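J.:
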RNA sequence: GGCGAGGUAGCUCAGUCGGUUAGAGCACAGGCUUCAUAAGCCUGGGGUCGAGGGUUCGAGUCCCUCUCUCGCUACCA
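Numbering (the numbering used here), first residue to last: 0 to 714.
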């Protein structure tokens, strides 16, 4: 068989969040495919990277008071750790915010310019004057112009489903600052992909590169009419790469993200003395010594058109190699529903690993993945069941019930008669390999389960444990166990891409490592058997439930209690003391009637934050030691806060419109003690005091009830 | 609305080119076994293949109509 050269990518995880079990569907799927190709003896390189650019990262970094670089470095480290925990084995893991990527963006851009694909047009967008940035549709909310539903995003309405431009929204507000956005125009750069229409038609419809549903989808949605120009630039401020021939404009994150695939390949090439063009240039691969390479992208269905229209267009226009195949998978649901933070089904990779073995999830996903775009459902009962019944009770059990009789001995010198079992399973190998090749892992697992059943039935019939009681039949026992262990090893070869650790353990048990697919064709003979050791623990539903419990972020954590709740809750006696300027708590028994205005002005944050996220914020009780006006500032008051002992913090607080320095001295406040220090015009501010209200006279400092002392943490 | 994918046992699903009596796992019932991590093996009950029509010697499979479910509907990460 000729050795293929295969470059594989998985989608670049965005540096704005942690890896969760939904992401893992893709990385596990891809890792299995890569390990399969390697086991088959193909050269296969698996590259990935963090996707680091765009408005969302910029905003988050700003909110956290640190640089984008610091944010993405932390997130990258977390991603790398999570992937390693699930045995996802990248040959290179890069970042789109690298000089390699910048260079490649420049190169492709030059090609696009040369081919006259770039045009410039003025775009009118909403601009947030307070945050000083243009607003993507999702950062604008307002009232739907069609049906009048409040609190709708800038591009379409949840309630009536109509789509519109954010400029049409009634009473639009920026979700970043609460400011009213204004319309501003800026020049954007576009790629004219309509020039490649006939190429895209041919490439997408050839049947070779895409699943048929995807080809149909593209045909129905995009290819039936002229393709619109693709807007690939964003005006400053934007976290990304500045466009060399268009100062003040940056490449849109989706321009440089797929180029990140190339950049990661480039880094790998540099480390391994490989030639980049062998992998990404079309014409370079005609040498007989280096057969043509294949590029395979694995992605989720949400980013289909980026990878099946824009990206092939960019590659074609710049003379690069096109993907051999884009493998697209569906989303994860848990218990038939979308993952939910409040239900605890939004499980982060790190939380999973705290409770469960990664092999379970790899096996479970494999048993459910087919070659189509169907969503994959994680049913917790089924998860436990498959792990215990199939993996432990089926596969591992074959070794467990045979190895103990021959541990310390060797396997038979010639492979005994087994009624054709080994040959049968060897013959199944090609069908299993075909299933792997087309990502139909459920067929792989089903076939392996049938092989397991055959092996277990064989052992049941031969009952070596009975013969083991008769010393004169020891050789027979050895023969039966040699068969059993070889059948076990054969199945493990087939499952090695899914269960790399188990394959490793099987190699240790039989003292011959599993190195290639052909290991399934030849039985081991005469080799020593190590004493059997547990390979994989059974899982208990309790452990799964604990993981779910751990992942729960109750709605209550982000929901203002309703008046009914507040009245039902045990009422703490309101305490009036010198630190609180007033007690807003109503007298027990009265029904407070709070209006909806505050919420309307600042809607609840839709995105949940985990307890981990919350505990990152170190809230402390602090006492105002001194307060003074700041010369030349019209909103700021300078505070010296004490956290007890001699720990002091200098804080500039924008509360001058509501408090005089005299009112502040001596009182207790709540401060964010670990907010990154920020250089302000008047000096360093080393924290932030917490207050409610919209500004102006409406600023209300938070204060603890009586008895709290400086330095205490707020939980 | 348009487009796409589906509807097969109580549940999750397989079913190739149209071809014998529609399959598997789980769950359920009964039996065997006691080597193995409360593991293993055998047997059984359970189906108008969403509905209707058509093509055919023959339809879960091909065609048409209807119905229900899910997903997508680009300058949005």
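Quick reminder that beta carbons are idealized off the backbone N, C-alpha and C, glycines included.
These figures come from a predicted structure and were not determined experimentally.
So, do the stretch 72-92 and the stretch 7-19 have three or more beta carbon pairs nearer to each other than 8 Å?
T.: Verdict: yes, contact present.
J.: Assuming residue 48 is part of the beta strand (DSSP E), what are its boundary residues?
T.: In the first chain, residue 48 corresponds to position 49, counting from 1. Run containing residue 48: 42-49, per the beta strand (DSSP E) assignment.
J.: Let's see if you can read the secondary structure: which residues bound the alpha helix (DSSP H) around residue 320?
T.: If you number the first chain from 1, residue 320 lands on position 321. Residue 320 -> no alpha helix (DSSP H), and no H or E assigned at all.
J.: For residue 489, report the span of its alpha helix (DSSP H) as first-last.
T.: On the first chain, position 490 is the one that residue 489 refers to. Element bounds for residue 489: 473-494.
J.: If distances are taken between C-alpha atoms only, which option among 278, 325, 183 comes closest to residue 204?
T.: As a working note, residue 204 is residue 205 in the first chain. Residue 325 is the option with its Cα nearest to residue 204.
J.: Please check the pair residue 316 and residue 39, which I expect to be a contact at CB under 8 Å, by giving their CB distance rounded to whole angstroms.
T.: Walking along the first chain from the start, residue 316 turns up at place 317. Walking along the first chain from the start, residue 39 turns up at place 40. Actually they are not in contact, since the Cβ atoms of residue 316 and residue 39 sit about 34 Å apart, beyond 8 Å.
J.: In terms of residues, what are the limits of the beta strand (DSSP E) holding residue 89?
T.: Locating residue 89 in the first chain gives position 90, counting from the first residue. Neither: residue 89 is in no beta strand (DSSP E) and is coded neither H nor E.
J.: Since residue 24 is in the alpha helix (DSSP H), which residue starts that stretch and which ends it?
T.: Residue 24 sits at position 25 when you count from the first residue of the first chain. Run containing residue 24: 20-38, per the alpha helix (DSSP H) assignment.
J.: For the alpha helix (DSSP H) that residue 448 lies in, which residues bound it at each end?
T.: As a first step, residue 448 must be located in the first chain, where it is residue number 449. 440-461 is the span of the alpha helix (DSSP H), which, as asked, contains residue 448.
J.: So for residue 74, helix, strand or coil by DSSP?
T.: Counted from its first residue, the first chain places residue 74 at position 75. Of the three classes helix, strand and coil, the one that applies to residue 74 here is helix, per DSSP.
J.: Which same chain residues end up closer than 7 Å to residue 144 when comparing Cβ atoms and leaving out the 5 residues on each side of it in sequence?
T.: Here residue 144 is taken as the residue at index 145 of the first chain, counted from 1. Correct list, in chain order: 163, 167, 168, 169.
J.: Taking its Cβ as the centre, do 16 or more other Cβ atoms sit within 10 Å of residue 295, making it buried, or is it exposed?
T.: If you number the first chain from 1, residue 295 lands on position 296. Flag for residue 295 reads buried.
J.: Measure the beta-carbon distance from residue 356 to residue 70 and round it to whole angstroms, keeping in mind my assumption that it falls under 8 Å.
T.: Along the first chain, read from residue 1 onward, the residue named residue 356 stands at position 357. Along the first chain, read from residue 1 onward, the residue named residue 70 stands at position 71. Not a contact, Cβ separation roughly 31 Å.
J.: Let me make sure I understand the geometry here. Which of 546, 51, 709 has the alpha-carbon closest to that of residue 344?
T.: Locating residue 344 in the first chain gives position 345, where the first residue counts as 1. Comparing Cα-Cα distances from residue 344 to each of 546, 51, 709, the minimum goes to 546.
J.: Whole angstroms is fine: what's the gap from residue 88's alpha carbon to residue 94's?
T.: Within the first chain, numbered from 1, the residue matching residue 88 stands at position 89. Within the first chain, numbered from 1, the residue matching residue 94 stands at position 95. In a straight line, the C-alpha of residue 88 is about 16 Å away from that of residue 94.
J.: Label residue 402 either buried or exposed according to how many other C-beta atoms from any shown protein chain fall within 10 Å of its C-beta, with 16 as the threshold for buried.
T.: In the first chain, counting from the first residue as 1, residue 402 sits at position 403. The residue in question, residue 402, is buried, as its Cβ has 16 or more Cβ neighbours within 10 Å.
J.: Per DSSP, what kind of secondary structure is residue 83 in: helix, strand or coil?
T.: Taking the first residue of the first chain as position 1, residue 83 is located at position 84. Reduced to three states, the DSSP call for residue 83 is helix.
J.: My understanding is that residue 652 touches residue 688, with C-beta atoms under 8 Å, so please give their C-beta distance in whole angstroms.
T.: Residue numbering aside, residue 652 sits at position 653 when the first chain is read from its first letter. Residue numbering aside, residue 688 sits at position 689 when the first chain is read from its first letter. Rounded, the Cβ-Cβ distance is 5 Å, consistent with contact.
J.: Please confirm whether residue 406 and residue 530 have their CB atoms less than 8 Å apart.
T.: Your numbering for residue 406 matches position 407 in the first chain. Your numbering for residue 530 matches position 531 in the first chain. For residue 406 and residue 530, yes; Cβs fall inside 8 Å.
J.: Let me check understanding here. Comparing Cα to Cα, which of 522, 466, 359 lies closest to residue 84?
T.: Within the first chain, the letter at position 85 stands for residue 84. Ranking 522, 466, 359 by Cα distance to residue 84 puts 359 first.
J.: Pull up the distance between the alpha-carbon of residue 52 and that of residue 130, whole angstroms please.
T.: If you number the first chain from 1, residue 52 lands on position 53. If you number the first chain from 1, residue 130 lands on position 131. Between residue 52 and residue 130, the C-alpha separation is close to 18 Å.
J.: Within the continuous beta strand (DSSP E) that includes residue 295, where are the two ends?
T.: Residue numbering aside, residue 295 sits at position 296 when the first chain is read from its first letter. That run of the beta strand (DSSP E) goes 292-299.
J.: In whole angstroms, what is the alpha-carbon distance linking residue 436 and residue 425?
T.: Residue 436 sits at position 437 when you count from the first residue of the first chain. Residue 425 sits at position 426 when you count from the first residue of the first chain. Roughly 17 Å separates the two Cα atoms.
J.: Are the stretch 262-273 and the stretch 220-235 touching, with three or more C-beta to C-beta distances below 8 Å?
T.: At 8 Å Cβ cutoff, the stretches do not touch.
J.: Can you give me the C-alpha to C-alpha distance between residue 684 and residue 254, rounded to a whole angstrom?
T.: Here residue 684 refers to the residue found at position 685 of the first chain. Here residue 254 refers to the residue found at position 255 of the first chain. Computed Cα separation, rounded: 37 Å.
J.: Taking the alpha-carbon positions, what's the residue 371 to residue 472 distance?
T.: If you number the first chain from 1, residue 371 lands on position 372. If you number the first chain from 1, residue 472 lands on position 473. Rounded to whole angstroms, residue 371 to residue 472 spans 52 Å at the Cα level.
J.: Between the Cα of residue 625 and those of 65, 172, 648, spot the shortest distance and give me the residue it belongs to.
T.: The count along the first chain starts at 1 and reaches residue 625 at position 626. Per the Cα distances, 648.
J.: Nearest-angstrom Cα distance between residue 669 and residue 663?
T.: If you number the first chain from 1, residue 669 lands on position 670. If you number the first chain from 1, residue 663 lands on position 664. Approximately 13 Å between the Cα atoms of the pair.
J.: What residue range is occupied by the uninterrupted beta strand (DSSP E) comprising residue 261?
T.: Here residue 261 corresponds to residue number 262 of the first chain, with the count starting at 1. Residue 261 -> not in any beta strand (DSSP E); alpha helix (DSSP H) instead, spanning 252-271.
J.: Which class does residue 15 belong to by DSSP, given the choice of helix, strand or coil?
T.: For the purposes of this step, residue 15 is taken as residue 16 along the first chain, with counting starting at 1. Here residue 15 sits in coil by DSSP.
J.: Among residues of its own chain, excluding the 5 on either side of residue 354, which ones have a beta-carbon nearer than 8 Å to its beta-carbon?
T.: Numbered from 1 along the first chain, position 355 holds the residue referred to as residue 354. Excluding sequence neighbours, residue 354 sits near 542, 543, 545, 546, 549.
J.: Would you report the Cα separation of residue 348 and residue 174, rounded to the nearest angstrom?
T.: Locating residue 348 in the first chain gives position 349, counting from the first residue. Locating residue 174 in the first chain gives position 175, counting from the first residue. Looking at the two C-alpha atoms, the distance is approximately 29 Å.
J.: Apply the 10 Å Cβ neighbour rule to residue 12 and answer buried if 16 or more other Cβ atoms are within range, or exposed otherwise.
T.: For the purposes of this step, residue 12 is taken as the residue at position 13 of the first chain. Classification of residue 12: buried, given that the 10 Å Cβ count is 16 or more.
J.: If you draw a straight line from the alpha carbon of residue 700 to that of residue 45, how long is it in whole angstroms?
T.: Counting from one through the first chain, the residue named residue 700 turns up at place 701. Counting from one through the first chain, the residue named residue 45 turns up at place 46. Looking at the two C-alpha atoms, the distance is approximately 53 Å.
J.: Would residue 185 and residue 127 qualify as a contact pair, given that the criterion is a beta-carbon distance under 8 Å?
T.: One-based indexing of the first chain puts residue 185 at position 186. One-based indexing of the first chain puts residue 127 at position 128. Not a contact, by the Cβ cut-off of 8 Å.
J.: If distances are taken between C-alpha atoms only, which option among 227, 309, 29 comes closest to residue 754?
T.: The question about residue 754 has no answer, for the chain in this structure spans 0 to 714.
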